[in-house]
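Peer 1: Residue numbers (our numbering): 3 to 363.
Before I ask anything, let me first share the structure, which is written out below as structure tokens.
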């Protein structure tokens, strides 16, 4: 088997796992089941908001119920779910509950893969009975894989590509092949706010000024893939840092944006939403101001709305620009935001106002 580059920019020997196929399309919901973990991996990239905290997120949305999980799955038209952490196995009843809900409500074809560190045979059997499609161990040993293979689960290993670990990884690949492992994923090692100090202490450096990836990580991964193509029958997949943000995240944002965009919001090629925003209005007068603008300028009702949470009116970019030329005493902007639950705004552009300090209304 030869190493080949995929159309998504990753590299593969053999076949890409089904979970990865859906992930790069942006079709996988990310279910963060808990930030708890027994391990203390120096390269763990989890943010301080999640690491060590027993919190649950569906994509970027904090959730407390199965209903909220299913809402998020519907909003992004999810074809599958990746359950991650922390170590989801530390909240096993929660894991079973959500796995059961996903399979019962979204159908057996909804592909679910799980990341974890180690599980007993009994728990592995429970997961198989509930319909888990794929399990991925974060393990530098073949033993967790052996148990999962014995109960009939499609089993793989997912690890960071640590520069200097060539011999360790190639020995592990041979051991994994012997116990029946189906695939191995290598991820480009990345700096984060929480692991940067430890990575630097061990001599790792950024590959460039414009990337969070570690220098030498990609080279090591490709070297391992070349070795594996000649020495094993395992399926291997290398996922570079640039794929996660440039392809996977963008595709997931696009899927959600198409479902949540209001009639006045425009979708960018990056999957962001652009709208017009009107501020400078007391909260108690927002609805009245909306009615006034509608009547005065003939704005269709679906093209201007009240955002009570942010205390503003929202409309199309074009309408906001036109109003900014004729309306005094209000402030107008173009706003670009993520189509996620919290709707983080990444660009705010003031629109030109005809000079006014405000007028009596």
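Even for Gly, the Cβ is constructed at its ideal location relative to N, Cα and C.
This one's a predicted model, so the numbers in the text were calculated from it and none came from an experiment.
For residue 150, is the classification buried or exposed, using 16 other Cβ atoms within 10 angstroms of its Cβ as the cut-off for buried?
Peer 2: Burial call: buried.
Peer 1: Is the beta carbon of residue 167 less than 8 Å from the beta carbon of residue 189?
Peer 2: No, the Cβ-Cβ distance between residue 167 and residue 189 is not below 8 Å.
Peer 1: Thinking C-beta only, is residue 214 closer than 8 Å to residue 206?
Peer 2: No. Outside cutoff.
Peer 1: Which one of 54, 143 and 27 has the shortest CA to CA distance from residue 38?
Peer 2: Of the listed residues, the one whose Cα sits closest to residue 38 is 54.
Peer 1: Can you tell me which of 153, 299 and 41 puts its alpha carbon nearest to the alpha carbon of residue 119?
Peer 2: It is 41 whose Cα lies nearest to the Cα of residue 119.
Peer 1: May I have a chain-ordered list of the alpha helix (DSSP H) segments no shorter than 4 residues that lie completely inside the stretch 54 to 137?
Peer 2: Counting whole runs of 4 or more residues, the stretch 54 to 137 contains the alpha helix (DSSP H) stretches 68 to 77, 94 to 108 and 123 to 131.
Peer 1: Pull up the distance between the alpha-carbon of residue 127 and that of residue 50, whole angstroms please.
Peer 2: Cα to Cα, residue 127 sits roughly 33 Å from residue 50.
Peer 1: Determine the extent of the beta strand (DSSP E) in which residue 352 is found, giving its start and end residues.
Peer 2: Its beta strand (DSSP E) spans residues 347 to 352.
Peer 1: For the stretch 245 to 262 against the stretch 67 to 82, are there 3 or more C-beta pairs whose distance is under 8 Å?
Peer 2: The stretch 245 to 262 is in contact with the stretch 67 to 82.
Peer 1: Between the Cα of residue 364 and the Cα atoms of 240, 114 and 130, which residue gives the shortest distance?
Peer 2: Nothing about residue 364 can be reported from this structure: the residues present for the chain run from 3 to 363 only.
Peer 1: Figure out for me which residue from 308, 309, 314 and 321 has the closest Cα to the Cα of residue 298.
Peer 2: Considering only alpha carbons, the answer is 321.
Peer 1: So, with DSSP's three-state summary, where would you put residue 29?
Peer 2: If DSSP states are grouped into helix, strand and coil, residue 29 belongs with coil.
Peer 1: By DSSP, does residue 306 sit in helix, in strand, or in coil?
Peer 2: The answer is strand: DSSP assigns residue 306 an E or B state.
Peer 1: Can you look up residue 317 in the DSSP assignment and give me helix, strand or coil?
Peer 2: Strand, per DSSP.
Peer 1: Could you pull the start and end residues of the beta strand (DSSP E) that residue 172 belongs to?
Peer 2: Note, residue 172: premise wrong, no beta strand (DSSP E); alpha helix (DSSP H) at 168 to 180.
Peer 1: Quick one: what's got a C-beta closer than 6 Å to residue 144's C-beta in the same chain, skipping five residues either side?
Peer 2: Around residue 144: 177, 178 and 181.
Peer 1: Measure the Cβ-Cβ separation of residue 138 and residue 159 and say whether it is below 8 Å.
Peer 2: In contact: residue 138 and residue 159 (Cβ atoms closer than 8 Å).
Peer 1: Does residue 326 come out as helix, strand or coil in the three-state DSSP assignment?
Peer 2: Residue 326: helix per DSSP, three-state reduction.
Peer 1: Is residue 162 helix, strand or coil by DSSP?
Peer 2: Looking at residue 162 - three-state DSSP - the assignment turns out to be strand.
Peer 1: Is the number of C-beta pairs between the stretch 12 to 30 and the stretch 62 to 77 that are closer than 8 Å three or more?
Peer 2: Because the criterion of three Cβ pairs below 8 Å is not met, the stretch 12 to 30 and the stretch 62 to 77 do not touch.
Peer 1: So the beta strand (DSSP E) residue 7 belongs to, where does it begin and stop?
Peer 2: Residue 7 -> beta strand (DSSP E) spans 5 to 7.
Peer 1: By Cβ distance below 6 Å, which residues in the same chain neighbour residue 185 in space, the five residues on each side in sequence not counted?
Peer 2: So the qualifying residues of the chain are 19, 158 and 237.
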